[in-house]
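Here's the structure, in structure tokens; my notes come after.
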Amino acid sequence: MLDFVGTPESTSTIVRGRTGEFEVALWVEGGEIECRCNCPSRRGSCKHGIAAALVLKQWVERDSKKRRRRGWGNPGKPAHSAGGS
Ligand SMILES: [Zn+2]
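Numbered by my numbering, the letters in the sequence shown go through residues 172 to 256 in order.
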């Protein structure tokens, strides 16, 4: 499991590769996960970025579910107390 720092919308993590540890920065842009890795491979998305993006995706999905649930639970404020006739 990777450790992410920051928020799902803008985070970074360390991915261990064969030639060392690389820092991968990830962010969400237009619903897509973008990534940038500091490994020598200058290609758009290296395997570190892809691996990190996969884990981040799961994290984002779990996090959004949690947030939705938290939004519904609104203690102390009864939804139908105002108004009435
Ligand atoms: Zn890389």
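Backbone N, C-alpha and C fix where the C-beta goes; we use that ideal spot for every residue, glycine too. Given the structure is predicted, the values throughout are model-derived calculations rather than measurements.
Quick check on T178: buried or exposed, where buried means 16 or more other Cβ atoms within 10 Å of its Cβ? exposed
Segment limits, beta strand (DSSP E) that includes L173: Taken as a continuous stretch (DSSP letters only), L173 belongs to no beta strand (DSSP E), as it is neither H nor E.
Please name the residue in G191, T182 and E192 whose C-alpha comes closest to that of C206. T182
DSSP state of S212, grouped into three classes? coil
Which residues does DSSP pair with A157 in a beta bridge? For residue 157 there is no data in the structure shown, the boundaries of the chain being 172 and 256.
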